[in-house]
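Residue numbers for the sequence shown follow the UniProt record's numbering, beginning at 1 and rising by one.
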Amino acid sequence: TFIYKGSSVTYGIVESQSECWMDRNLGASRKATAYNDSLAYGDLFQWGRLDDGHQTRYSGITTTLSNTDLPGHSNFIYGMGTPFDWRSPQNDNLWQGVSGTNNPCPSGWRIPTEIEWETERLSWSSNDYNGAFASLLKLTVGGRREHRFALHEFVDVFGYYRSSTVSGMYARTLSFNDNLAYMGNRSRAVGFSVRCIKD
C-alpha cells in the first residue's frame, strides 16, 4: 500500500526469477486478466520523469522542454528534435536505483534494469505478448504515447516497458507484440509502461 497520484493504492507482489515485482503496472486499476486488459494498462512514463501527472494517458501537453529534473507541471512534453528527450540537456543519472532521482516507485522499489528485464523475458514460454502475459508478471499491451505529436500508438498491439538503463541518447526498453519480444533503444520522451521491482 502506498500513495500514488494523491490516493492510497494497494498492489500485490509476485516473485519471478528470484526477484520481487509489483503485480501490475504503475497506474493500473488491477492485475491483468488478459494480455489486452485495458484496466491493467496503467500509465505511460517519459524516461526519468517523476510521477508528476504527465504519465496519465490524457494529461496536458507542452512543447516547452525542461532544463531541470523537475519540470514543475503535469504536462507531457513533446515535439522536440534530436535527441528526443523531455529534458535539455539530457541527464543520464535519473531513475538510477531505489534512491535515484525522480524514481516514481514507492519506497524500497525502483525501475528494473535492462538485465533484470532480459532475465525475465528469457524465462517466458513464448517470445511474444502471449509469453509476456503467461509469465508471473502478467504483462500487457498498453501501447505508447509518442513524442512527435503526443498521440497514443499501438494500444492493444504492443507492450513497452521502461528500464533504468541508458544507451547513448536512448533508454533500453522491453518491447513485445504478437510475434516478437526484445530489448531495444527507445527515445526517452516517449511514454511507456512502468513496472516496479523490489530493491
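Beta carbons are placed, not taken as given, at the ideal position from N, Cα and C, and that holds for glycine.
{"Asked": "Rounded straight-line distance, which links the Cα of Ile13 to that of Asp23", "Found": "5 Å"}
{"Asked": "Near the ligand ZN: Gln17 beta-carbon under 7 Å from a heavy atom", "Found": "The ligand ZN is not part of the structure shown, which contains no ligands of any sort."}
{"Asked": "Gln96 and Ser164 closer than 8 Å at C-beta", "Found": "yes"}
{"Asked": "Sheet register partners of Cys105 (DSSP bridge)", "Found": "In the DSSP output, where bridge partners are listed per residue, Cys105 has none listed."}
{"Asked": "Closest residue to Asp69 among Ile61, Asn25, Asp92 (Cα-Cα distance)", "Found": "Asp92"}
{"Asked": "Cβ-based burial, Val157 [other Cβ within 10 Å; buried from 16]", "Found": "exposed"}
{"Asked": "Candidates Ser66, Gly81, Met80, of which the one nearest Ser74 by Cα", "Found": "Ser66"}
{"Asked": "Length of the line joining the Cα atoms of Glu19 and Ser88", "Found": "34 Å"}
{"Asked": "Residue(s) in a DSSP beta bridge with Trp21", "Found": "Val14, Ile197"}
{"Asked": "Phe149 classed as buried or exposed, judged by whether at least 16 other C-beta atoms fall within 10 angstroms", "Found": "exposed"}
{"Asked": "Cβ pair Pro112, Arg49 closer than 8 Å", "Found": "no"}
{"Asked": "Phe133 (DSSP reduced to helix, strand or coil)", "Found": "helix"}
{"Asked": "Simplified DSSP state of Ala150, which is helix, strand or coil", "Found": "coil"}
{"Asked": "Cβ-based neighbour list, Asp85, same chain, cut-off 6 Å, excluding 5 preceding and 5 following", "Found": "Arg188, Ala189"}
{"Asked": "Bridge partner(s) assigned by DSSP for Arg145", "Found": "His152, Gly191"}
{"Asked": "Coarse secondary structure for Leu174, derived from DSSP in three states", "Found": "strand"}
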